[in-house]
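Residue numbers (our numbering), protein chains in the order written: chain Y, 171 to 529; chain L, 6 to 626. Step one of this worksheet: look at the structure below.
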Amino acid sequence: MANVRVAVRVRPLSKRETKEGGRIIVEVDGKVAKIRNLKVDNRPDGFGDSREKVVAFGFDYCYWSVNPEDPQYASQDVVFQDLGTEVLSGAAKGYNICLFAYGQTGSGKTYTMLGTPASVGLTPRICEGLFIREKDYAPLPSSCRIKISFLEIYNERVRDLLKQSDQKKSYTLRVREHPEMGPYVQGLSQHVVTNYKQVIQLLEEGIANRITAATHVHEASSRSHAIFTIYYTQAILENNLPSEIASKINLVDLAGSERADPSYCKDRITEGANINKSLVTLGIVISTLAQNSQAFSSCQSLNSAASDGGDSGIPSSLSGTSSGVGSSRRQSYIPYRDSVLTWLLKDSLGGNSKTIMVA
Amino acid sequence: MANPPWAEIREKFQAALALSRVELHKNPEKEPYKSKYGARALLEEVKALLGPAPEDEDERSQAEDGLGAGDHTLGLPAEVVEAEGPIAQGAVRLAVIEFHLGVNHIDTEELSAGEEHLVKCLRLLRKYRLSQDCVSLYIQAQNNLGILWSEREEIETAQAYLESSEALYNQYMKEIGSPPLDPTEHFLPEEEKLAEQERSKRFEKVYTHNLYYLAQVYQHMEMFEKAAHYCHSTLKRQLEHNAYHPIEWAINAATLSQFYINKLCFMEARHCLSAANVIFGQTGKISTTEDTTEAEGDVPELYHQRKGEIARCWIKYCLTLLQNAQLSMQDNIGELDLDKQSELRALRKKELDEEERVRKKAVQFGTGELCDAISAVEEKVSYLRPLDFEEARELFLLGQHYVFEAKEFFQIDGYVTDHIEVVQDHSALFKVLAFFETDMERRCKMHKRRIAMLEPLIVDLNPQYYLLVNRQIQFEIAHAYYDMMDLKVAIADKLRDPDSHIVKKINNLNKSALKYYQLFLDSLRDPNKVFPEHIGEDVLRPAMLAKFRVARLYGKIITADPKKELENLATSLEHYKFIVDYCEKHPEAAQEIEVELELSKEMVSLLPTKMERFRTKMALT
């Protein structure tokens, strides 16, 4: 049931890039983005070179936003028409939606997500969309409720961007799971909004709080993740009984790059075949070992106690992927090491949800 | 050439070191490597002051350095050559600078330059690498080259360097043994040189890292047992050299135990878990006061969390050991096979004889007092597969003890998923204990306990957020009722006169099982309550199984009313038919439930006849 879509958007060259004579090596053709490797020559003896001259990548959506004059140009509106409306329709049906903006600092995430006053991005447009929907479709006033919360994850700590803390130090919110509400941030303020202007106000307030933090810790805003959450509840009639459809829209602005993360230290991160230098990561290495060994475990599912009647050897434990019901219950338990971000968005990353990634 | 004052050189070097140690994020955002470049400049100055590299005949005759020369370069030295005299000393000092330049370039992502410097360092030291002055530096240089090559994804090259370091360390310790000089000492005045104890500490730290890097290399090469062994050794050394945080060490040991559990190496797993308990216990009690800062406030939380996590690792130990025993002793319908049991009993004696030999081979944590403390914990837990109810019960009770401990931290409000997993483990413990229980009534009671702990879980659970878990529990409860029903039927069969009381019980259990299987199947429907045409791969097998069991359950409802009986048989047939039809339309489904499909086909052909006979009988009466 999980639904993941990936979109890629190409931005114009920056002033600096143009000055340095940078060339555009990306090309968009329908749903495929092609990258030209300028370093691969056309030399005849280059046939030992396994690198392709042009590498193509398929996406669900490709947006060419390099030159507004270009007929192919994908404006904020175009992006919204595809992605934004998808978010809105999903939310209306009761799905949880998660939209991630991913890319390096300066790659245009903020432009796509927030935009400028002259050219607003996805977040304000989606909010506007919700209000328009209410006006158009709701038989009664306030048959839907919209609440906003805005948080920031910095250095594995969660901060409420819409709450003025009177203490000098910023306080951290705890992330918990509730049987009814699912994963949530304890103490995160939720603000009811009834019109578009209020939303923009909250957005600006939250963003301002991020930058303020930066003066304490050196431009933190580009080194933290921000999650803008819209809680959309619709009152409906189901079999003539009042009922609710609740959905959550998470708009996530991921940190510029992991290298920008203050807790990033060359010694600490692990990827691919790199060796971690510091013993601090011993736990991660052991966890990975234990996790991998689960896949190779030969202990299969158990047979149930079947009775007479000739039913023989009906396995009670169930095989299948881990998203199945009773996938052969894990043999072992790996103590938790996921990041706060993964944990918070757990419910948006599977099951009854739709995920959109914009790179 | 005038000799520059040694003091000046030393100071520059210290300044360079200080800059190298500045944390990267302290640099301005647009100049993340500023401190590194500063350090590099100073190092280059020192290098210039030290003068050119001493020429050496042996050096010139050597072909390619690095790995081009094959085993020759990484092979062990035949003898110790002390770095004595001005030429040797000069070489060593230059080697130290090359080393730091190498690391500096690696830190600024200039791998080629880094490699060049490190290889130069090795070349300068090669002759003296087994000496007290040089062995530590040589090993460190090789280790860094290992890390460098791993970044280039040439893992075998990395392995070669690291294994060479390992061999060199072992040779040095065997043939010489006295704590070698720490590389920084070459630029320290005589009075600041390190004490033997400190030298030893640092050198051992280098070797511990060597082992750690090798563990990672083996992991990437998928030599998992070896990787685990090296992780195990790393942990052991951390204890030996008192270089660990109790909470962190304990959780690492507990996590390692899970690797061993997956490999069914229960003795090693038990050792890790017992050590985890002992070391965790070394944490002092930390209390929060009003002026505890935010960071410190996290610590008691972390303490309790880790305690809960270690408990969960223990639960898995008990559960897996029990389940492994069941697997080796069950017959083809899941009951205890007496022959297999006697076979295992005979094997037991052999296992006990082997015990000492196996224990000696394994990596043991700690010596002396620590070793005793760990043994004390181990003695209370068996690592051998339980062969009868008594032995099974002991493991069950231990598992249950840790269930309660885990639930202290992983409460439902706050840790829903974790809490439920713990309860599922608890249920599994009962289930496997039931296998060893010979009395059927008592077995029934165990399944009843399972249902009692699982049912309340899903009452308040929001199905939207906890879809998967909801389904798992529904399925498990249904199956528990199913098992209970079968047991009651077996009990009834043994009675000469099954009374109406037991019949009622059987039907109630049947009804409950049906209810939960139906709930599960309903959860697969879309928002419009329509059952999917095509069942998703991830729920295919469970869905088919559920249908199968529903079919069987309808066939087992006991009723005196012939009309009702016919109805039930019809419903049963309907469900068997569904399975057969679905598998025809979707061949991939047929693969998932071969056994059940066969039986369903049989039933589809037998039931109509049975129903016809029934109808005929009804018409006659």
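Every residue, glycine too, gets a C-beta built ideally from N, C-alpha and C.
By the criterion of Cβ-Cβ separation under 7 Å, what are the contact partners of residue i in chain L?
i, result
"Glu408(Y)", "Ordered by position in chain L, no residue passes the 7 Å Cβ test against Glu408(Y), which lies about 11 Å from the chain."
"Gly352(Y)", "Asn467, Tyr470"
"Ser457(Y)", "Thr260"
At a threshold of 7 Å, does residue i count as lining the ligand PLP (C-beta to nearest heavy atom)?
i, result
"Phe414(L)", "What this structure holds is no ligand at all, so the ligand PLP is not there to describe."
Rounded to a whole number of angstroms, what is the C-alpha to C-alpha distance between residue i and residue j?
i, j, result
"Asn337(L)", "Leu529(L)", "31 Å"
"Glu209(L)", "His246(L)", "8 Å"
"Ser482(Y)", "Ala397(L)", "Model confidence at Ser482(Y) stands at a pLDDT of 28, short of 50, so the residue's coordinates are unreliable and nothing is read from them."
"Asn148(L)", "Ala529(Y)", "37 Å"
"Leu269(L)", "Arg295(Y)", "56 Å"
"Val437(L)", "Asn329(L)", "10 Å"
"Glu481(L)", "Lys520(L)", "12 Å"
"Pro503(L)", "Ser262(L)", "50 Å"
"Arg207(L)", "Lys524(Y)", "52 Å"
"Ala259(L)", "His276(L)", "10 Å"
"Asp531(L)", "Glu538(L)", "11 Å"
"Asp393(L)", "Gly352(Y)", "42 Å"
"Leu72(L)", "Lys279(Y)", "Reliability fails at Leu72(L), whose pLDDT of 44 lies under 50, so the model's placement of it is uncertain and the value that follows must be treated cautiously. Distance between the alpha carbons of Leu72(L) and Lys279(Y): 45 Å."
"Arg26(L)", "Leu307(L)", "29 Å"
Determine the chain L residues that contact residue i at a beta-carbon separation under 8 Å, and present them in chain order.
i, result
"Tyr402(Y)", "Here the premise fails: no neighbours, minimum Cβ distance about 14 Å."
"Ala460(Y)", "Thr260, Leu261, Gln263, Phe264, Asn267"
"Gln125(Y)", "Outside the modelled stretch of chain Y, which goes from 171 to 529, sits residue 125(Y), for which no answer is possible."
Interface residues of chain Y around residue i at Cβ under 7 Å?
i, result
"Thr422(L)", "Glu347"
"Thr325(L)", "Gln501"
Let's see if you can read the secondary structure: which residues bound the beta strand (DSSP E) around residue i?
i, result
"Pro412(Y)", "411 to 423"
"Lys204(Y)", "202 to 206"
"Ile563(L)", "Looking at the DSSP string, Ile563(L) is not in any beta strand (DSSP E), and its letter there is neither H nor E."
"Ile152(L)", "Looking at the DSSP string, Ile152(L) is not in any beta strand (DSSP E); the run it does join, the alpha helix (DSSP H), is 140 to 156."
"Phe398(Y)", "395 to 408"
"Asn266(Y)", "266 to 271"
"Leu321(Y)", "314 to 324"
Would you mind telling me which residues of chain Y sit closer than 9 Å to residue i, beta carbon to beta carbon, in chain order?
i, result
"Asp418(L)", "Arg346, Glu347, His348, Pro349"
"Ile511(L)", "None at all; the shortest Cβ gap to chain Y is about 12 Å."
"Lys321(L)", "Arg500, Gln501, Ser502, Tyr503"
With a cut-off of 8 Å, does the C-beta of residue i fall near any C-beta of chain B?
i, result
"Tyr217(L)", "Included in the structure are the protein chains Y and L, with no chain B among them."
What residue does the alpha helix (DSSP H) around residue i start on, and which one ends it?
i, result
"Lys436(L)", "421 to 441"
"Gln477(L)", "472 to 499"
"Ile102(L)", "90 to 112"
"Ser505(L)", "505 to 527"
"Tyr456(L)", "Note that residue 456(L) is Ile in the sequence shown here, rather than Tyr. Counting along the chain, the alpha helix (DSSP H) containing Ile456(L) begins and ends at 445 to 464."
"Arg181(Y)", "Note, Arg181(Y): premise wrong, no alpha helix (DSSP H); not H, not E."
"Glu361(L)", "343 to 366"
"Glu383(L)", "373 to 384"
"Phe619(L)", "599 to 625"
"Cys236(L)", "229 to 245"
"Phe227(Y)", "It is not in any alpha helix (DSSP H) - Phe227(Y) instead sits in the beta strand (DSSP E) that spans 224 to 228."
Do residue j and residue i count as a contact pair if the criterion is CB distance below 8 Å?
i, j, result
"Val257(Y)", "Ile318(Y)", "no"
"Met458(L)", "Ala439(L)", "no"
"Ile194(Y)", "Leu183(Y)", "yes"
"Leu24(L)", "Ala53(L)", "no"
"Ser141(L)", "Val85(L)", "no"
"Arg203(Y)", "Met527(Y)", "Here the sequence assigns Ala to residue 203(Y), which means Arg is not the residue at that position. No, these two residues do not count as a Cβ contact at 8 Å."
"Phe264(L)", "Ala233(L)", "yes"
"Thr458(Y)", "Gln224(L)", "yes"
"Val363(Y)", "Ile316(Y)", "yes"
"Phe271(L)", "Phe18(L)", "no"
Counting only Cβ pairs nearer than 8 Å, list the residues of chain Y close to residue i.
i, result
"His591(L)", "Neighbours of His591(L) on chain Y: none; closest Cβ ~15 Å, over 8 Å."
Whose Cβ in chain L lies nearer than 9 Å to the Cβ of residue i?
i, result
"Gly453(Y)", "Glu253, Ile256, Asn257, Thr260"
| query | Which residues, taken in chain order from the stretch 434 to 467 of chain L, show a beta carbon closer than 7 Å to some beta carbon of chain Y? | reply | Asp465, Leu466, Asn467
| Proximal residues, the stretch 467 to 484 of chain L versus chain Y, C-beta separation under 8 Å | Asn467, Gln469, Tyr470, Tyr471, Leu472, Leu473, Arg476, Gln477, Phe480, Glu481, His484
| field | Contact set between the stretch 227 to 245 of chain Y and chain L, restricted to residues whose Cβ is under 9 Å from the partner | value | none
| said: Please list, in chain order, the residues of the stretch 135 to 152 of chain L that have any C-beta partner in chain Y closer than 8 Å. | reply: Gly151, Ile152
| Short-range partners of chain Y found in the stretch 216 to 238 of chain L, where Cβ spacing is below 8 Å | Tyr217, Tyr218, Ala220, Gln221, Val222, Gln224, His225, Phe229, Ala232, Ala233, Cys236
| field | Interface positions of the stretch 257 to 273 of chain L facing chain Y (Cβ-Cβ less than 9 Å), listed along the chain | value | Asn257, Ala258, Ala259, Thr260, Leu261, Ser262, Gln263, Phe264, Tyr265, Ile266, Asn267, Lys268, Leu269
| request: Determine which residues of the stretch 158 to 186 of chain L have a Cβ less than 8 Å from any Cβ of chain Y, and write them out in chain order. | output: Glu158, Ile160, Ala163
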